[in-house]
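Structure below.
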């Protein structure tokens with residue numbers, strides 16, 4: 109197996125990922141800035157399919173209209189030259205001090221208005237570059253103290269903003285879907301819509317729920333120690349897996365955004381297996397960055413590693429599905445008539461009177477230790 | 109202030125809470141079992157309003173029909189004698205080995221059928237005792253390895269079970285609503301519907317979403333380090349706060365079920381303030397238990413402490429709302445025209461062209477440090 | 109590679125591990141009890157080298173002297189028959205209600221005396237069965253509230269107990285070393301000597317520090333989200349790695365005691381590599397248990413899986429050490445004169461005046477992304 | 109009670125705390141930089157006793173000798189003018205890219221030499237300004253992957269550096285003690301000497317352990333979910349509590365450095381009570397910073413809040429110690445002969461034969477629920 113990425117794999121990176129300068133709360137940048145055009149070429153060199161951006165990754169927040177035009181022109185030329193596409197775009201609503209208390213949920217109505225203004229313009233920019241998915245990560249939509257903001261009021265404000273922007277997109281006739289990206293904390297003490305679940309629930313309260321789905325991120329759920337696969341599966345089953353952010357993260361820590369599979373290859377395996385088994389067709393977006401120890405050679409190694417590990421795990425998923433012993437165990441585990449019990453008064457009455465041998469039910473050996481051990485051995489390449 | 113509980117406070121306890129024997133994974137029971145009748149009297153003595161139960165807290169799993177009748181008769185007599193009510197009941201779908209791989213999501217269709225059978229009977233029992241809320245905590249609905257169960261399949265099975273049981277309740281004409289109680293892990297490695305958010309989202313996919321709401325528990329969200337208030341507020345805003353389980357818990361640990369307010373009185377304060385401010389009318393159910401160091405004298409001290417701390421915090425919420433300096437800060441924080449921006453193409457166009465002074469927006473002092481310090485001082489009783 | 113265990117691998121299990129009945133805080137036992145003799149034969153069947161025990165795993169707490177003698181005789185016969193050895197023993201100071209507030213640190217002096225009494229007898233039993241390492245896991249040495257016990261006083265009490273027991277062992281002329289097993293919480297709200305570090309520091313304050321070392325456990329450090337390897341390395345460097353408990357655990361959760369390598373094979377790899385590289389000669393003790401879904405067939409699969417995964421990772425450590433590209437990277441990373449700078453006034457003065465090009469130091473590419481990716485690929489078996 | 113700080117309270121702040129600009133991984137500075145002189149005046153205004161600094165908080169890393177002299181002269185003048193003192197200083201070994209792979213534990217010997225060079229100069233600066241405690245926070249001493257650095261080798265390097273610097277301080281005749289500040293992670297994936305325990309153990313391996321103690325920080329232990337009081341008590345009992353960093357932090361998250369008592373006033377209460385009860389004489393150093401929502405007015409509110417909450421909790425500790433019901437419970441809990449059992453062969457033999465009524469020991473009610481509830485009520489100001 110060559111594990112070489114191809115466009116069909118739909119591997120994408122944000123400009124901010126390979127362009128990350130290695131600044132952190134305790135340290136200064138370790139890498140010089142590259143231009144968007146340079147980053148597109150870097151991504152092309154390592155074999156990526158597409159590139160995503162925040163408005164200000166591409167166009168500085170204080171650029172003039174003329175500068176904006178020139179930047180976009182150069183960027184599109186780089187895309188044409190390399191064949192890269194832009195499947196997704198998003199808004200930076202977190203870096204500027206204006207957003208220090210949130211954007212759509214800020215207590216200041218002028219900030220909320222500015223956030224809408226900035227997002228409409230960023231949507232225009234994304235669509236102009238070809239994006240069909242638009243991500244909302246509400247990194248500043250939260251609090252350090254619940255004395256400062258009413259969570260019900262915040263929820264209403266967030267909803268109003270998304271309803272406004274859905275209406276805008278429809279009015280403009282854009283072919284664009286929204287994808288919410290939840291996160292429990294950092295940079296705020298607590299962020300609203302903390303998990304995939306909270307965001308899925310919130311979507312059902314919008315004016316146009318059909319336009320809005322999820323962009324779950326591995327690190328964001330794992331920060332809270334949650335099983336990422338379960339959240340992704342719920343989003344998938346509800347038809348809401350619009351995009352996905354792949355990276356890695358040790359639970360209960362700061363947002364690490366490590367190379368995909370770098371922390372726990374076993375949970376990464378179950379995730380890749382799921383995406384491939386259900387036939388997920390969207391981007392495999394790596395929202396991660398290289399260690400701060402690396403120069404741009406290391407950044408390329410990082411990017412190649414993300415894609416290569418995905419492809420290795422995809423091949424292992426195929427092996428797992430083809431393994432006769434594993435399949436025999438699965439058949440045994442799922443034996444019996446698995447069809448659901450349809451409700452009728454008669455069925456219910458009969459079931460209520462049916463007698464069960466609970467001791468026999470509890471005595472069954474389920475062979476999950478064996479199944480998991482076989483999974484580990486497929487993962488470690490010794491089967 | 110006397111901080112003495114009254115029925116209007118709607119303080120309830122489960123039979124399993126004051127009846128907890130102090131058994132844990134590493135230790136044997138430290139308290140002798142009390143009968144349900146004894147527990148009802150204990151709760152009356154400490155001033156509780158109501159008592160909730162799992163089917164097998166009241167009626168042993170292997171009781172004969174005659175034994176069941178006698179137990180229920182005695183229990184109802186104790187209720188009449190003490191004036192306690194039964195606002196909520198639930199099913200034990202986790203203790204028996206039959207449920208070792210789940211109940212509604214078990215891979216074994218016979219276990220799933222047994223779970224429905226057991227739950228219908230438990231619903232009958234709960235309704236017979238007066239319950240109008242029926243809780244579903246899916247403690248065994250999960251996995252230790254994702255090799256063993258397909259999360260999408262599990263979701264379908266869970267839905268089928270709830271749809272079946274909603275139909276059953278409607279057919280029986282019961283005045284009963286369901287309340288799902290999420291939890292991220294323990295006793296399973298990972299439990300499905302991990303948080304308030306996941307459960308809220310799941311409810312929207314049911315046949316009768318109007319019948320099904322939430323029973324969020326402090327400890328379960330805090331185990332995952334999530335802000336419990338935010339989850340409760342989301343449930344409330346969606347009209348889904350049907351019940352609530354109060355206790356306390358250090359984040360990132362085993363399920364501790366400590367006395368309400370025992371770990372972090374500040375987060376307990378914000379929760380009580382919210383419930384009182386929005387006018388939540390349901391039970392304040394303490395799903396907690398006494399330390400293992402206690403005899404039944406300690407159990408009573410524990411139960412009294414839960415209620416007393418709630419009432420103390422309720423009084424502090426009143427003080428906070430009446431504090432002029434706090435209210436002045438809130439007015440300042442929420443200054444400006446807070447009405448939402450209604451979408452129209454013209455409004456959007458104007459907003460897109462409007463010019464913003466982002467530096468001025470970012471320069472505003474928000475005084476949240478002062479506000480939070482005043483909150484701490486109200487909490488500590490020095491204002 | 110066959111990955112078949114041999115005595116030279118020094119794989120041991122506790123009677124309580126393969127004998128675990130699958131009881132948990134929410135569920136009843138799922139497996140029938142086996143006798144110690146049956147467990148010895150089970151361990152022999154799967155290929156273990158040794159078996160460890162708590163006093164009451166072997167001899168019930170209420171056994172008569174005659175019963176004790178018979179049990180020990182039968183157990184020793186089983187050891188002779190199977191060839192298994194007993195490298196380690198320990199005391200159960202946590203199951204009985206007497207220890208509900210601790211054993212050596214209990215506020216009750218009678219409990220502290222009983223704990224010494226019980227431990228002396230358990231030491232005799234362990235030595236009689238051949239143990240040369242004696243473990244102290246202070247599972248109840250802690251608090252739910254710091255109002256209840258003074259941590260300095262608790263520390264003194266713990267020290268006095270260990271000093272007493274060291275003196276006892278020396279007086280008896282036993283060939284026995286002590287190994288402390290730290291844990292941050294569960295079953296107590298907080299346990300004293302929370303981590304490997306706290307225990308290492310504490311040992312230096314004992315009368316006979318040379319007799320006392322560590323028994324670090326994977327799950328106990330990972331519960332607190334700590335890097336287990338780093339703790340093990342510190343214990344090793346201080347000459348204190350007397351024993352080790354291998355299992356697996358997701359961070360920030362209840363004590364899971366999963367099969368070795370089941371949660372995160374990458375961190376298990378670095379651990380095995382360390383133990384093999386430094387030449388650790390002690391037991392590889394698996395302090396884990398099978399999922400609750402398993403019968404004793406599953407228990408055997410669990411035990412075999414622990415050992416097999418260790419051996420697979422040991423072989424991968426060998427591959428890693430032999431991989432030319434990895435070794436070339438390591439050589440590059442560790443280039444330059446690595447000898448320490450010995451202090452002298454002149455050296456210090458010169459160094460203080462020396463001029464450094466900090467920009468050049470910061471510009472170096474360290475290739476850790478590449479090195480970690482190669483490690484992942486060795487782990488996944490694709491190199 | 110006025111809760112007004114006085115010099116006797118020994119409240120100190122770092123230049124970096126009130127001087128924090130509100131930059132974070134996702135956002136730009138929200139406050140303009142103040143000069144050290146301005147910060148000294150700000151601290152004097154709010155009532156602080158002292159000010160601490162990293163070398164580069166005071167003197168920029170690229171300052172000329174002449175600039176250094178002028179800066180120090182101005183700073184000392186501000187100290188004289190305000191009466192503030194400098195009890196502690198430290199080195200910035202984490203911001204510059206040179207330290208991206210560590211300082212004392214870097215794989216690059218030139219970086220290690222530079223770290224010694226920089227620290228000797230920073231020690232000179234600290235001593236010149238009056239510091240008698242010198243802190244070592246090894247923020248970059250760690251790894252993102254254990255493939256990159258050998259933890260035993262790292263430990264040796266760390267030890268060599270500290271031994272070198274102890275020798276330097278002795279040679280210079282400085283009146284200076286070292287205080288290690290542990291942290292488990294952030295900004296590195298894992299940091300060596302992760303907790304108070306690991307650092308205490310490490311100190312015992314140094315050439316001059318008597319010169320080296322601890323600077324534990326609330327947030328750093330709580331990030332790992334550890335009980336901070338227990339670590340502080342262990343350091344105190346070992347004579348190693350040389351300094352302390354006060355702030356607050358929700359467990360299992362990024363390093364928050366919130367205002368003291370802002371997250372959990374109950375754990376802050378136990379900490380203050382301990383420091384006051386044992387007679388800790390060192391600085392109460394607040395290593396925290398204002399929310400990013402604040403201007404310098406908010407920074408002052410933050411600093412005042414830290415000190416005021418400490419004084420409120422100190423008064424509550426006094427109340428707790430004077431509360432008759434609490435003291436009666438403590439007397440009951442600690443009843444019996446609490447003197448230790450001195451070892452002698454005869455005592456051991458007698459104790460081994462003594463008979464215990466373990467059922468009676470287990471049956472005792474310990475009244476910890478009542479005690480903790482009384483503690484909560486003292487804390488909330490309702491007793």
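Residue numbers (my numbering), protein chains in the order written: chain A, 109 to 491; chain B, 109 to 491; chain C, 109 to 491; chain D, 109 to 491. For every residue, glycine included, the Cβ atom is placed at its ideal position computed from N, Cα and C.
Asked                                                                                                                                                                                           : Found
For residue 487 (chain C), decide whether its Cβ has a neighbour in chain D, counting only Cβ atoms nearer than 7 Å.                                                                            : no
Taking the continuous beta strand (DSSP E) assigned at residue 289 (chain B), which residues delimit it?                                                                                        : 285 to 289
In whole angstroms, give me the CA-to-CA distance for residue 163 (chain A) and residue 191 (chain A).                                                                                          : 21 Å
Put residue 377 (chain B) into one of helix, strand or coil per three-state DSSP.                                                                                                               : helix
Please look up how many angstroms separate the CB atoms of residue 345 (chain D) and residue 336 (chain D), rounded, as I've assumed it's under 8 Å.                                            : Between residue 336 (chain D) and residue 345 (chain D) the Cβ distance is about 15 Å, and since that is not below 8 Å, they are no contact.
Can you give me the C-alpha to C-alpha distance between residue 278 (chain A) and residue 257 (chain B), rounded to a whole angstrom?                                                           : 40 Å
Tell me, to the nearest whole angstrom, how far the beta carbon of residue 233 (chain B) is from that of residue 167 (chain B); I am working on the premise that it is less than 8 Å.           : 7 Å
Quick check on residue 420 (chain B) - is its C-beta less than 7 Å from some C-beta in chain D?                                                                                                 : yes
What does residue 208 (chain C) touch in chain A if you count any residue whose Cβ is under 9 Å from its own?                                                                                   : Correct list: empty, because the minimum Cβ distance to chain A is about 29 Å.
Under 7 Å between the Cβ atoms of residue 292 (chain A) and residue 341 (chain B)?                                                                                                              : no
Residue 438 (chain C) touches chain A at which residues, Cβ-Cβ below 8 Å?                                                                                                                       : Simply none; closest approach about 14 Å.
Less than 7 Å between CB atoms is the rule here; does residue 361 (chain B) satisfy it with respect to chain E?                                                                                 : Included in the structure are the protein chains A, B, C and D, with no chain E among them.
Which parts of the region 179 to 257 of chain B are runs of the alpha helix (DSSP H), unbroken and 4 residues or longer, counting only runs that do not cross its ends?                         : 217 to 236
If you measure beta-carbon to beta-carbon, which residues of the region 363 to 374 of chain D are closer than 8 Å to chain B?                                                                   : 367, 369, 370, 371, 372, 373 and 374
In this structure, how does DSSP classify residue 397 (chain A) when only helix, strand and coil are distinguished?                                                                             : coil
Classify residue 420 (chain C): buried if its beta carbon has 16 or more other beta carbons within 10 angstroms, exposed otherwise.                                                             : buried
From the DSSP output, read off the bridge partner residues of residue 120 (chain A).                                                                                                            : A:158 and A:393
Label residue 196 (chain B) either buried or exposed according to how many other C-beta atoms from any shown protein chain fall within 10 Å of its C-beta, with 16 as the threshold for buried. : buried
Does the region 148 to 161 of chain C come close enough to the region 430 to 439 of chain C that 3 or more CB-CB pairs lie under 8 Å?                                                           : no
Can residue 485 (chain A) and residue 425 (chain A) be called in contact, C-beta distance under 7 Å?                                                                                            : no
Residues of the region 438 to 465 of chain C with a CB closer than 7 Å to any CB of chain D: list them in chain order, please.                                                                  : 441, 442, 444, 445, 446, 448, 449, 451, 453, 456, 459, 460, 462 and 464
With 16 other CB atoms within 10 Å as the buried threshold, where does residue 467 (chain B) fall?                                                                                              : exposed
Hey, residue 306 (chain B) and residue 323 (chain B): beta-carbon distance below 7 Å or not?                                                                                                    : no
I need the DSSP call for residue 325 (chain B), collapsed to helix, strand or coil.                                                                                                             : strand
Which of the three DSSP states, helix, strand or coil, is assigned to residue 135 (chain C)?                                                                                                    : strand
Using a beta-carbon distance below 7 Å, is residue 405 (chain B) in contact with chain C?                                                                                                       : no
Rounded to a whole number of angstroms, what is the C-alpha to C-alpha distance between residue 388 (chain B) and residue 422 (chain B)?                                                        : 13 Å
Could you compute how far the alpha carbon of residue 488 (chain A) sits from the alpha carbon of residue 358 (chain A)?                                                                        : 20 Å
Would residue 426 (chain A) count as contacting chain D if we go by Cβ distances under 7 Å?                                                                                                     : no
Roughly how many angstroms separate the alpha carbons of residue 396 (chain A) and residue 126 (chain A), rounded to a whole number?                                                            : 8 Å
Nearest chain C C-beta to residue 429 (chain A) closer than 7 Å, yes or no?                                                                                                                     : no
Determine the contact status of residue 303 (chain B) and residue 313 (chain A), defining contact as a CB-CB distance below 7 Å.                                                                : no
Would a C-beta distance cut-off of 7 Å place residue 161 (chain A) and residue 415 (chain A) closer than the cut-off?                                                                           : no
With 7 Å as the limit, tell me which residues of the region 473 to 484 of chain A have their beta carbon closer than that to any beta carbon of chain C; keep them in chain order.              : 473, 474, 475, 476, 477, 478, 480, 481 and 484
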